[in-house]
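The listed protein sequences correspond, in order, to chains A and B. Counting the first sequence from 1 gives a position; our numbering is that position plus 1. Counting the second sequence from 1 gives a position; our numbering is that position plus 1. Glycine is no exception: its CB is placed at the ideal position from the N, C-alpha and C atoms. Scroll down for the structure; my scribbles are underneath it.
2 protein chains.
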Amino acid sequence: MHTHKSTLEEVAAAAGVSKMTASRALRGAPDVSIKTRDKVLQAAERLNYLGNRLALSLSSQRTDLVAVVVPSMSNIVFPEVLAGISTGLEGSGMQAVFGISDYDVTKERNVIRDMLSWRPSAIIVTGLDQPDETVRMLKNAAIPVIQIMDLDGTPIDFNVGLSHCKAGEEMARALIAAGRKRFGYIGSALDRDLRAGKRKAGFERVLHENRLAFIGQRLGDTLSSVSLGKYLTHQLLSSEPSLDCIYYSNDDMAAGGAFASMEASRTDDILMAGFNGLELAAALPVRIATSRSPRHMIGEVAARLARGSMAPNAPSVSKITAFVPEITGIV
Amino acid sequence: MHTHKSTLEEVAAAAGVSKMTASRALRGAPDVSIKTRDKVLQAAERLNYLGNRLALSLSSQRTDLVAVVVPSMSNIVFPEVLAGISTGLEGSGMQAVFGISDYDVTKERNVIRDMLSWRPSAIIVTGLDQPDETVRMLKNAAIPVIQIMDLDGTPIDFNVGLSHCKAGEEMARALIAAGRKRFGYIGSALDRDLRAGKRKAGFERVLHENRLAFIGQRLGDTLSSVSLGKYLTHQLLSSEPSLDCIYYSNDDMAAGGAFASMEASRTDDILMAGFNGLELAAALPVRIATSRSPRHMIGEVAARLARGSMAPNAPSVSKITAFVPEITGIV
DNA sequence: CTTGGTATCGATACCGGTATCGGTAACAGA
DNA sequence: TCTGTTACCGATACCGGTATCGATACCAAG
Numbered sequence: 002m003h004t005h006k007s008t009l010e011e012v013a014a015a016a017g018v019s020k021m022t023a024s025r026a027l028r029g030a031p032d033v034s035i036k037t038r039d040k041v042l043q044a045a046e047r048l049n050y051l052g053n054r055l056a057l058s059l060s061s062q063r064t065d066l067v068a069v070v071v072p073s074m075s076n077i078v079f080p081e082v083l084a085g086i087s088t089g090l091e092g093s094g095m096q097a098v099f100g101i102s103d104y105d106v107t108k109e110r111n112v113i114r115d116m117l118s119w120r121p122s123a124i125i126v127t128g129l130d131q132p133d134e135t136v137r138m139l140k141n142a143a144i145p146v147i148q149i150m151d152l153d154g155t156p157i158d159f160n161v162g163l164s165h166c167k168a169g170e171e172m173a174r175a176l177i178a179a180g181r182k183r184f185g186y187i188g189s190a191l192d193r194d195l196r197a198g199k200r201k202a203g204f205e206r207v208l209h210e211n212r213l214a215f216i217g218q219r220l221g222d223t224l225s226s227v228s229l230g231k232y233l234t235h236q237l238l239s240s241e242p243s244l245d246c247i248y249y250s251n252d253d254m255a256a257g258g259a260f261a262s263m264e265a266s267r268t269d270d271i272l273m274a275g276f277n278g279l280e281l282a283a284a285l286p287v288r289i290a291t292s293r294s295p296r297h298m299i300g301e302v303a304a305r306l307a308r309g310s311m312a313p314n315a316p317s318v319s320k321i322t323a324f325v326p327e328i329t330g331i332v
Numbered sequence: 002m003h004t005h006k007s008t009l010e011e012v013a014a015a016a017g018v019s020k021m022t023a024s025r026a027l028r029g030a031p032d033v034s035i036k037t038r039d040k041v042l043q044a045a046e047r048l049n050y051l052g053n054r055l056a057l058s059l060s061s062q063r064t065d066l067v068a069v070v071v072p073s074m075s076n077i078v079f080p081e082v083l084a085g086i087s088t089g090l091e092g093s094g095m096q097a098v099f100g101i102s103d104y105d106v107t108k109e110r111n112v113i114r115d116m117l118s119w120r121p122s123a124i125i126v127t128g129l130d131q132p133d134e135t136v137r138m139l140k141n142a143a144i145p146v147i148q149i150m151d152l153d154g155t156p157i158d159f160n161v162g163l164s165h166c167k168a169g170e171e172m173a174r175a176l177i178a179a180g181r182k183r184f185g186y187i188g189s190a191l192d193r194d195l196r197a198g199k200r201k202a203g204f205e206r207v208l209h210e211n212r213l214a215f216i217g218q219r220l221g222d223t224l225s226s227v228s229l230g231k232y233l234t235h236q237l238l239s240s241e242p243s244l245d246c247i248y249y250s251n252d253d254m255a256a257g258g259a260f261a262s263m264e265a266s267r268t269d270d271i272l273m274a275g276f277n278g279l280e281l282a283a284a285l286p287v288r289i290a291t292s293r294s295p296r297h298m299i300g301e302v303a304a305r306l307a308r309g310s311m312a313p314n315a316p317s318v319s320k321i322t323a324f325v326p327e328i329t330g331i332v
């Protein structure tokens, strides 16, 4: 199409030195005189030389690539984790490569396999509920495996996140302490979003401890969304008007619930509770309860672990980094 | 850490054949007997063999990598584009690699350079306002360059998106036709988000054509968010109570505006207009106007172009794919 | 029995860099 | 003058695959 991609060999020839010397000069390695270095740099500039990381990585046996597998890109949660990873990797010379699993274990396995074949220096995956085969593959890769978001399970190497079970429990406790008594639940596709399921289970456990239970619930089968939350809330409110609190699978759904409560003029006697602590939640005209999950921070910590694993004198980092979500929005 | 990564050579040895034959067997290439193929496959299975794409790509001179550079991950727009790219690439054997530029041209240049050094088969970048140096680099890469989101400018190779100038113009025309007369504007960091600036410019042009102008405006200097939109709207409404319509840099900001209008009990006499057509916008308890941008579709089309560029018999695709955003929410 | 075609496989040369080690020149000290 | 360092540079062997071409075996046809 356009011009020709120049190689190190050509740069070396143009500078009148050997390939090896050119390589050293461009990398700023020692054993190169100033004069030679300048000659090479100029030649590289002139030829628009752009290194070839394939060759570099193959030769040096390190890719400085961090593979990242997340289940979805359709709500803001995982993109924020990715942003966190991106910041955390900044200045390290490492590159993140992302893959999406669509909450599908088979797809996840394939994505992970594809990523591993690039021989990344570390891999970050979401959750720790991978099937045995996937775990075997990950262990076999002989690189640090960083499992994020979830803490409820047995990690392979590193684990950064929070306990969704506990998050659900704490939210239930806080709501009960605030005097709520008649609970409903609204969620979507819990068979796929395992973490939402764990939150619900934790919530329900505490309800039972207090001789309570969900009076009514609605489960959607599509991806979570504000509209879905709103729609299901209207349904639930009309069939169970006595509810004074609804727990949602996440903040998107809860925001929809808040809108529904406004439309039904129920904002004063019912409280919606979600999960994530989205920016949106704080701006809503009606207060909703939520657990703030440190998404960006989880990404940053995961990135730091990936970087650390490259450092020769890796300080002994803790294998598990646990965050405790702060609950807000309960009057 | 764990086990040893096995190579093709080892698989070949274990199967009692040459490296070359093993390679052919694993790729399903011809010239391999069924019996030999099975032997190799079994050996590979036994050794947990995982191909090495670095070596593969270096040797075959094609990476099947699609580099993608987006400015941000902190609102849902670009993640949805990435999701679109991901779906569009599915089944093609191509892998997307993402980079974030943070709306910073210098950072964008660096990210692009880093990505190009992986020798991707195509590159997708956001917008067509790259500085000359970056354009030169992109052209020099000798791969198809796909510029997305924006149409207002001169593309390098391919262009998929919509005209933000026109989007602004059309929105203004629609709002004026609906009887709105006293306009305000609320945005944020327009020096960085060039497309939002173009929409504003288009909007303003039409206002002028109709002997109108923004009566008041507020510009934030942080990233756009619902809270920021709400905050600035409260400010603007109190200083310019006569407004009957506010144009926002995007839907996040406009949603914040909608919340502010509710809190100020102004929902009946003022209309908020945004851009993107977010899912959230449709669920809001108060209607806002918006232009629906086909984010997922843009990603899919871009991915298709990236795939097509690999096909030997590339059908002559149009260099420019233009979308016209549909305007909704105007009563 | 020779010839020719087909099926199957392997040897060798890359791809574009880096690691390693050895060589040369210049300069210091004995 | 001889020897030992140090600074600088290049030849060679990889890294782990694929492309290419040639070799071998087998079978049918002449």
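{"Item": "Assuming A/D252 is part of the alpha helix (DSSP H), what are its boundary residues?", "Value": "D252 to E264"}
{"Item": "Does A/V41 come within less than 8 Å of chain B when only Cβ atoms are used?", "Value": "no"}
{"Item": "For A/R181, I'd like the list of residues in its chain whose CB is within less than 7 Å of its CB, leaving aside the five on either flank, ordered along the chain.", "Value": "D245, C246 and L272"}
{"Item": "Any idea if B/E134 is buried or exposed, counting beta-carbon neighbours within 10 angstroms, 16 or more meaning buried?", "Value": "exposed"}
{"Item": "Note down, in chain order, each residue of its chain lying with its Cβ closer than 6 Å to the Cβ of A/M21, except the 5 sequence neighbours on either side.", "Value": "none"}
{"Item": "How would you list, in chain order, the residues of chain A whose beta-carbon sits under 7 Å from the beta-carbon of B/N251?", "Value": "Those do not exist, as B/N251 stays about 14 Å from chain A at its closest Cβ, beyond 7 Å."}
{"Item": "For A/A15, which option in A/R25, A/L42 and A/R28 has the closest C-alpha, if you only look at C-alpha atoms?", "Value": "A/L42"}
{"Item": "Taking 8 Å as the CB-CB cut-off, is B/R120 touching chain A?", "Value": "yes"}
{"Item": "Under 8 Å, with one C-beta from each stretch per pair, do the segment 50–70 of chain B and the segment 93–107 of chain B reach the 3-pair mark?", "Value": "yes"}
{"Item": "Who are the neighbours of B/S58 on chain A, taking C-beta pairs under 7 Å?", "Value": "L55"}
{"Item": "When you compare each of A/E280, A/D270, A/T291 and A/L281 to A/Y249 by their alpha carbons, which one comes out closest?", "Value": "A/T291"}
{"Item": "Compare the beta carbon distance of B/G85 and B/G300 with 8 Å and say whether it is the shorter of the two.", "Value": "yes"}
{"Item": "Run down chain B in chain order and give the residues with a C-beta less than 7 Å from the C-beta of A/G257.", "Value": "A284"}
{"Item": "For A/R1, which residues from the same chain have a beta carbon less than 6 Å from its beta carbon, with the 5 sequence-adjacent residues on both sides left out?", "Value": "Examination of residue 1 of chain A is not possible in this model, given that chain A is present from 2 through 332 alone."}
{"Item": "If you draw a straight line from the alpha carbon of A/P132 to that of B/G128, how long is it in whole angstroms?", "Value": "41 Å"}
{"Item": "Which one of A/T155, A/R293 and A/L229 has the shortest CA to CA distance from A/I321?", "Value": "A/T155"}
{"Item": "If you draw a straight line from the C-alpha of B/P286 to the C-alpha of B/D270, how long is it?", "Value": "15 Å"}
{"Item": "Is A/G230 closer than 8 Å to A/M263 when the C-beta atoms are compared?", "Value": "no"}
{"Item": "So A/P156 contacts chain B; which residues on that side make the cut at Cβ distance below 7 Å?", "Value": "Within 7 Å Cβ-Cβ: nothing; A/P156 doesn't reach chain B, min ~14 Å."}
{"Item": "Using three-state DSSP, classify B/F99 as helix, strand or coil.", "Value": "strand"}
{"Item": "Along chain A, in chain order, which residues have C-beta atoms closer than 7 Å to that of B/D115?", "Value": "Q96"}
{"Item": "Secondary structure at A/R174, three-state DSSP: helix, strand or coil?", "Value": "helix"}
{"Item": "Is there a Cβ from chain A that is less than 8 Å from the Cβ of B/A26?", "Value": "no"}
{"Item": "Taking the alpha carbon of B/S240 as the point to measure from, which residue in B/L224, B/G100 and B/G217 has its own alpha carbon closest?", "Value": "B/G217"}
{"Item": "In the DSSP output, what is B/N160 paired with across the bridge?", "Value": "B/Q148 and B/I321"}
{"Item": "Quick one: residues in its chain with C-beta nearer than 8 Å to the C-beta of B/S310, no 5 flanking neighbours on either side, listed in chain order?", "Value": "S122, A123, I144 and P145"}
{"Item": "Determine whether the Cβ of A/K231 lies closer than 8 Å to any Cβ atom of chain B.", "Value": "yes"}
{"Item": "Over what stretch of residues does the beta strand (DSSP E) that includes B/R219 continue unbroken?", "Value": "F215 to G221"}
{"Item": "Would you kindly check if the distance between the Cβ of A/P72 and the Cβ of B/P80 is under 8 Å?", "Value": "no"}
{"Item": "Buried or exposed for B/V18, going by 16 or more other Cβ atoms inside 10 Å?", "Value": "buried"}
{"Item": "For B/L66, name the three-state secondary structure that DSSP assigns.", "Value": "strand"}
{"Item": "With distances taken between CB atoms, is the gap from B/V82 to B/I149 smaller than 8 Å?", "Value": "yes"}
{"Item": "Apart from the five residues on each side of it in sequence, which residues of its chain come closer than 6 Å, Cβ to Cβ, to B/R110?", "Value": "T135"}
{"Item": "Assign B/I328 to buried or exposed, taking buried as 16 or more other Cβ atoms, counted over all protein chains shown, within 10 Å of its Cβ.", "Value": "buried"}
{"Item": "Taking only beta carbons into account, state which residues of the segment 265–299 of chain B come closer than 8 Å to chain A, listed in chain order.", "Value": "E280, L281, A283, A284, L285 and P286"}
{"Item": "So, B/A261 versus B/L281, is the Cβ gap smaller than 8 Å?", "Value": "no"}
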